[in-house]
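J.: Residue numbers (the numbering used here), protein chains in the order written: chain A, 50 to 247; chain B, 50 to 247; chain C, 50 to 247; chain D, 50 to 247. For reference, the structure I am asking about is given below.
There are 4 protein chains.
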Amino acid sequence: MPRTEEQFHEIRERSKTQILNSSLKLFAEKGFKGTSISDIAKDAKISKGLIYNYFESKTAIVEAIYLHLLNEMQRMMEPIYELKDPSEKLQRIVMDTVKYTSENKDYWKLYLNFMLQPSPVKFEEVLNPKFFQKFFLEFEEIFTDAGVKEPKNMAYEFAAILDGMQMHILFMDNLYPLKEIQNYILNKYSKKELKKKK
Amino acid sequence: MPRTEEQFHEIRERSKTQILNSSLKLFAEKGFKGTSISDIAKDAKISKGLIYNYFESKTAIVEAIYLHLLNEMQRMMEPIYELKDPSEKLQRIVMDTVKYTSENKDYWKLYLNFMLQPSPVKFEEVLNPKFFQKFFLEFEEIFTDAGVKEPKNMAYEFAAILDGMQMHILFMDNLYPLKEIQNYILNKYSKKELKKKK
Amino acid sequence: MPRTEEQFHEIRERSKTQILNSSLKLFAEKGFKGTSISDIAKDAKISKGLIYNYFESKTAIVEAIYLHLLNEMQRMMEPIYELKDPSEKLQRIVMDTVKYTSENKDYWKLYLNFMLQPSPVKFEEVLNPKFFQKFFLEFEEIFTDAGVKEPKNMAYEFAAILDGMQMHILFMDNLYPLKEIQNYILNKYSKKELKKKK
Amino acid sequence: MPRTEEQFHEIRERSKTQILNSSLKLFAEKGFKGTSISDIAKDAKISKGLIYNYFESKTAIVEAIYLHLLNEMQRMMEPIYELKDPSEKLQRIVMDTVKYTSENKDYWKLYLNFMLQPSPVKFEEVLNPKFFQKFFLEFEEIFTDAGVKEPKNMAYEFAAILDGMQMHILFMDNLYPLKEIQNYILNKYSKKELKKKK
DNA sequence: CATGAATGAGGTTTCATTCAT
DNA sequence: GATGAATGAAACCTCATTCAT
């Protein structure tokens with residue numbers, strides 16, 4: 050008697066997740082090219098062949114991870130758009146970034162990898178200079194809303210701080226004084242401090 | 050007519066430099082694993098075999114580049130130590146970083162690569178969390194010298210801004226408003242502004 | 050309600066036939082090696098696993114088809130032996146060959162495949178030079194019966210025409226002027242024409 | 050001191066030929082899919098890797114062989130166009146076909162393979178029904194020139210005899226009474242015999 | 001010093017076959 | 001009887017490295 054549709058679905062999901070988890074970890078650690086299908090299979094405790102039951106190719110795996118990552122970024126940003134107060138928005142972005150980065154280091158390492166090398170082609174549509182600019186423009190709007198004197202410059206500074214912190218969190222691991230720095234930055238973008246920049 | 054010692058030496062240096070230049074460019078573009086010896090030979094317009102006359106292995110090439118990079122960083126930092134005024138020091142670091150990054154994008158992309166992946170092993174002695182911490186401590190000293198209230202936090206913020214800017218310069222290429230942002234940051238660490246933080 | 054023996058038998062036969070049909074089609078189209086068990090399962094709208102319920106291996110499938118093919122050839126030839134008149138025999142062979150070929154192109158393509166490559170070993174006992182020779186000898190006998198001057202040569206010519214036509218029917222598909230050529234050839238082996246060769 | 054351009058060229062040609070020879074033999078014997086790169090390397094007494102120094106892929110090898118084959122066919126047909134007398138033309142075609150087939154069995158086996166399966170795609174432009182029709186039309190013209198009664202039918206018969214003989218030569222190897230049959234067929238298309246068909 | 005042909009280990013991918021359900 | 005997930009051997013292909021010249 051064959052398994053039910055449902056049982057098969059569950060098995061498939063479990064294996065797929067297992068493959069994605071191992072891949073994410075290894076890609077983040079050793080890069081896309083530095084990770085072999087064998088490595089993934091070993092880590093996921095399955096056979097090499099099975100991977101191709103779930104993904105068309107090694108590239109397809111990294112694409113799946115990448116899409117997931119973009120979705121997550123989207124989901125992270127959404128609640129922020131609903132906030133009204135500029136200061137709150139900025140602080141929330143800082144908090145989310147710190148939280149997200151420290152909780153998903155592998156994802157972000159992979160993200161950096163994606164930006165550094167156009168290996169699995171396809172991504173350029175998103176990970177390109179224009180994509181960044183859009184972010185900067187959104188930040189600039191927030192600072193404009195806040196009525197500060199140099200919204201554009203502050204936006205770029207803000208973005209630099211965010212990305213710089215991310216890097217430090219990724220590379221320094223537990224040595225990074227996360228809470229302390231976060232609080233310092235949060236204060237920097239508090240209503241009180243923003244007012245001084247008007 | 051046999052060539053003189055000197056001529057040999059010159060040829061050697063020229064070829065070696067050519068190999069290093071091509072390697073740097075390609076590693077930065079496609080990563081270490083993504084670049085083949087063939088690629089390098091083609092770009093350097095020499096034969097594959099010749100590369101092994103100058104370098105023991107592909108790894109040896111990347112190590113040479115890496116050491117060169119570290120030296121450059123050292124050389125960049127040296128004149129800074131001779132400066133006395135904290136503000137001048139910080140401003141000089143900012144200027145040098147911007148200058149250096151925008152003029153040597155390939156180096157810095159490769160540097161990021163090194164940090165992201167421990168491919169050609171050996172580097173861990175330098176590119177590790179402790180290495181970063183040392184930088185942060187040096188920055189902290191400068192801010193302490195400047196007599197600001199929260200030297201540690203400001204040091205981390207400073208480092209974040211530097212690294213964040215670097216990333217943006219690397220990834221946004223000509224779209225990045227280099228001068229504008231640099232000036233803004235320079236002003237942020239001017240004597241006048243620093244005084245406000247005391 | 051348990052199925053009756055008969056029902057089981059029927060199911061078995063139906064599935065088996067389905068597998069054989071799909072296999073024949075695909076083997077003819079893409080060759081034995083070029084057809085995967087997956088392909089067959091998909092075409093037969095059953096699961097890969099089920100195929101192994103009916104056949105021990107991929108090779109066993111092709112063997113089954115092959116045996117079926119030989120039987121058909123046999124069955125096709127039998128009524129011919131009962132004919133007495135040489136001309137009638139030859140004409141009947143021509144007609145049957147044309148009919149059979151155009152109605153079972155897949156079988157004949159596969160047959161050619163078998164001859165071209167000894168992939169699934171076993172067949173050599175039949176599809177070998179000697180096997181052909183036997184055919185030629187039988188043809189020669191017919192021509193001898195007909196009393197023609199060069200029975201052996203005519204037998205070889207006859208065989209060549211048959212096999213050549215087969216190839217053309219297979220490869221030219223509907224572009225081949227089947228009826229026209231058949232009539233021409235039939236006339237060539239009519240009593241009247243054969244008499245001229247005496 | 051490196052080898053001269055010329056030396057390299059010679060080495061390359063030798064290896065390439067070696068690979069093509071082995072490939073042709075094996076493809077003819079076991080089919081394209083049935084022959085592995087390992088098989089070819091072993092037969093050519095070189096390493097697997099080297100094959101890719103000369104051909105981009107397994108498919109590229111078969112394409113090279115195929116193009117060579119088409120060229121040869123072309124070259125074989127050319128001198129025939131210069132003959133004026135229809136009988137001479139037909140006889141020459143018969144002789145060339147027999148000669149060419151028996152001397153290059155592997156090529157023709159492969160050719161049949163190509164027609165049977167569209168494996169390495171690309172070829173359809175040539176090996177298709179229309180391609181055959183063109184041949185038939187050319188034959189028809191010759192028979193029309195000869196002034197026979199049914200030029201089209203005779204053209205198709207002629208083509209069938211040619212292809213049928215080819216098959217028999219290929220499959221019966223030395224058992225085939227080559228000379229005998231050839232002479233019989235040659236006589237069939239002699240001026241004297243053709244005259245009878247007017 | 002310089003060349004590129006040649007090797008072979010290892011990477012990606014395919015697929016016949018097995019097996020738990 | 002039936003399913004498709006899972007395996008692993010073997011296929012195609014890449015590439016760092018060696019070597020004869």
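Heads up, the beta-carbon is just placed ideally off N, CA and C, and yes, glycines get one too.
1) Thinking C-beta only, is Ser64 of chain D closer than 9 Å to Tyr115 of chain D?
2) Select from the segment 187-207 of chain A all residues with a C-beta closer than 7 Å to any C-beta belonging to chain B, and list them in chain order.
3) For Leu227 of chain D, which residues in the same chain have their Cβ closer than 8 Å to its Cβ, ignoring the five residues on either side in sequence?
4) Out of curiosity, what's the CA-to-CA distance linking Phe220 of chain B and Met164 of chain A?
5) Would you report the Cα separation of Pro51 of chain C and Phe57 of chain C, rounded to the nearest angstrom?
6) How would you label Ile110 of chain A, buried or exposed, when you count the other beta carbons within 10 angstroms and need 16 or more for buried?
7) Nearest by alpha-carbon distance to Asp134 of chain A: which of A:Leu118, A:Leu235, A:Lys179, A:Asp194 is it?
8) Count the CB pairs spanning the segment 201-214 of chain A and the segment 197-213 of chain B that are closer than 8 Å, and state whether there are at least three.
9) Is DSSP giving Arg52 of chain A helix, strand or coil here?
10) His117 of chain C versus chain D: which residues are under 7 Å apart at the beta carbon?
11) Closest by CA to Gln29 of chain B, which one among B:Glu189, B:Leu235, B:Ile86?
12) Under DSSP, the alpha helix (DSSP H) around Asp88 of chain B begins and ends at which residues?
13) What in chain D is Cβ-close to Asp155 of chain C, meaning under 9 Å?
14) Would you call Ile68 of chain A buried or exposed, if buried means 16 or more other Cβ atoms sit within 10 Å of its Cβ?
15) For Leu99 of chain A, go through chain B and note every residue whose CB falls closer than 7 Å to its CB, in chain order.
16) Relative to the C-alpha of Ser239 of chain D, which candidate in D:Ile95, D:Thr84, D:Gly83, D:Glu137 has its C-alpha closest?
17) Note the first and the last residue of the continuous alpha helix (DSSP H) segment covering Glu187 of chain B.
18) Find the nearest neighbour of Met125 of chain C within the set C:Asp145, C:Lys245, C:Lys201, judged by alpha-carbon distance.
19) In this structure, does DSSP put Asp134 of chain C in helix, strand or coil?
20) Could one say the Cβ of Lys65 of chain A lies closer than 9 Å to chain B's Cβ atoms, at least one of them?
21) Under a CB-based cut-off of 9 Å, is Lys179 of chain A close to chain B?
22) Using a Cβ-Cβ distance cut-off of 9 Å, determine whether Ile234 of chain B contacts chain A.
23) Assuming Leu118 of chain B and Tyr160 of chain B are in contact, meaning their beta carbons sit under 8 Å apart, how far apart are those beta carbons, in whole angstroms?
24) For a contact meaning CB atoms closer than 9 Å, what does Asn120 of chain B contact in chain A?
25) With 16 other CB atoms within 10 Å as the buried threshold, where does Pro200 of chain D fall?
26) For Lys82 of chain B, count neighbouring C-beta atoms within 10 Å of its own C-beta (all shown protein chains included) and say buried if the count is 16 or more, exposed if not.
27) Between Val197 of chain C and Lys237 of chain C, how many whole angstroms is the CB-CB distance? I'm expecting something under 8 Å.
28) Within 10 angstroms of the Cβ of Ser72 of chain B, are there 16 or more other Cβ atoms? Answer buried if so, exposed if not.
29) So Glu206 of chain A is in the alpha helix (DSSP H); what residue range does that whole segment cover?
30) Nearest by alpha-carbon distance to Leu243 of chain C: which of C:Asn120, C:Ile191, C:Thr66 is it?
31) Helix, strand or coil for Gln166 of chain B, going by three-state DSSP, please let me know.
32) Judging by CA-CA distance, which residue of C:Ile142, C:Lys241, C:Thr108 is the nearest neighbour of Thr84 of chain C?
33) So, using beta-carbon positions, are Lys97 of chain A and Ser87 of chain A closer together than 9 Å?
34) What does a CB cutoff of less than 8 Å around Ile95 of chain A pick up in its chain, not counting 5 residues either side in sequence?
35) Where do the ends of the alpha helix (DSSP H) carrying Leu224 of chain C lie?
36) Could you tell me whether the Cβ of Met164 of chain B comes closer than 9 Å to any Cβ of chain A?
T.: On the basis of the data shown:
1) Taking a C-beta distance under 9 Å as the contact criterion, Tyr115 of chain D and Ser64 of chain D do not qualify as a contact pair.
2) Flagged, chain order: Glu199, Asn202, Tyr205, Glu206.
3) Cβ within range, chain order: Val147, Ser151, Ile218.
4) Taking the straight line joining both Cα atoms gives about 7 Å.
5) Note that Pro51 of chain C has pLDDT 47, beneath the 50 cutoff, so the model's placement of it is unreliable and no number is given.
6) Buried, since its Cβ has 16 or more Cβ neighbours within 10 Å.
7) Distances from the CA of Asp134 of chain A to each of A:Leu118, A:Leu235, A:Lys179, A:Asp194 were compared; the closest alpha carbon is that of A:Asp194.
8) Under the 8 Å Cβ criterion, the segment 201-214 of chain A counts as touching the segment 197-213 of chain B, having at least three qualifying pairs.
9) Three-state DSSP puts Arg52 of chain A in coil, outside helix and strand.
10) The contacting residues do not exist; His117 of chain C stays about 19 Å from chain D at best.
11) Limits of chain B in this structure are 50 at one end and 247 at the other, which puts residue 29 of chain B out of reach.
12) Counting along the chain, the unbroken alpha helix (DSSP H) around Asp88 of chain B starts and ends at 86-93.
13) Per Cβ cutoff of 9 Å: no residues; Asp155 of chain C is ~11 Å from chain D at best.
14) Ile68 of chain A should be labelled buried.
15) Among the residues of chain B, none has a CB under 7 Å from the CB of Leu99 of chain A; the nearest is roughly 25 Å distant.
16) Nearest option by C-alpha distance: D:Glu137.
17) First-last of the alpha helix (DSSP H) with Glu187 of chain B: 178-195.
18) For the residues C:Asp145, C:Lys245, C:Lys201, the minimum Cα distance to Met125 of chain C belongs to C:Asp145.
19) If DSSP states are grouped into helix, strand and coil, Asp134 of chain C belongs with coil.
20) Using a Cβ-Cβ cut-off of 9 Å, Lys65 of chain A does not count as an interface residue toward chain B, since no Cβ of chain B sits closer than that to its own.
21) For Lys179 of chain A, the answer is yes, since a Cβ of chain B falls inside 9 Å of its Cβ.
22) Judged by the 9 Å Cβ criterion, Ile234 of chain B is in contact with chain A.
23) Indeed they touch by this definition, with Cβ atoms about 6 Å apart.
24) For Asn120 of chain B, there are no neighbours in chain A by C-beta distance under 9 Å, as the nearest C-beta there is about 21 Å away.
25) So Pro200 of chain D counts as buried.
26) Buried, by the Cβ-count rule.
27) Contact between Val197 of chain C and Lys237 of chain C does not hold, since the beta-carbon distance rounds to 12 Å and is not under 8 Å.
28) Counting other Cβ atoms within 10 Å of its Cβ, Ser72 of chain B reaches 16 or more and is therefore classed as buried.
29) Element bounds for Glu206 of chain A: 200-221.
30) By alpha-carbon distance to Leu243 of chain C, the top candidate from C:Asn120, C:Ile191, C:Thr66 is C:Ile191.
31) In this structure, Gln166 of chain B counts as coil in the three-state DSSP scheme.
32) C:Thr108 is the residue among C:Ile142, C:Lys241, C:Thr108 whose C-alpha sits nearest the C-alpha of Thr84 of chain C.
33) Yes, the pair counts as a contact, with Cβ atoms nearer than the cut-off.
34) Correct list, in chain order: Ser64, Gln67, Ile68.
35) First-last for Leu224 of chain C: undefined, no H or E at that position.
36) Answer yes: the Cβ-Cβ gap between Met164 of chain B and chain A drops below 9 Å somewhere.
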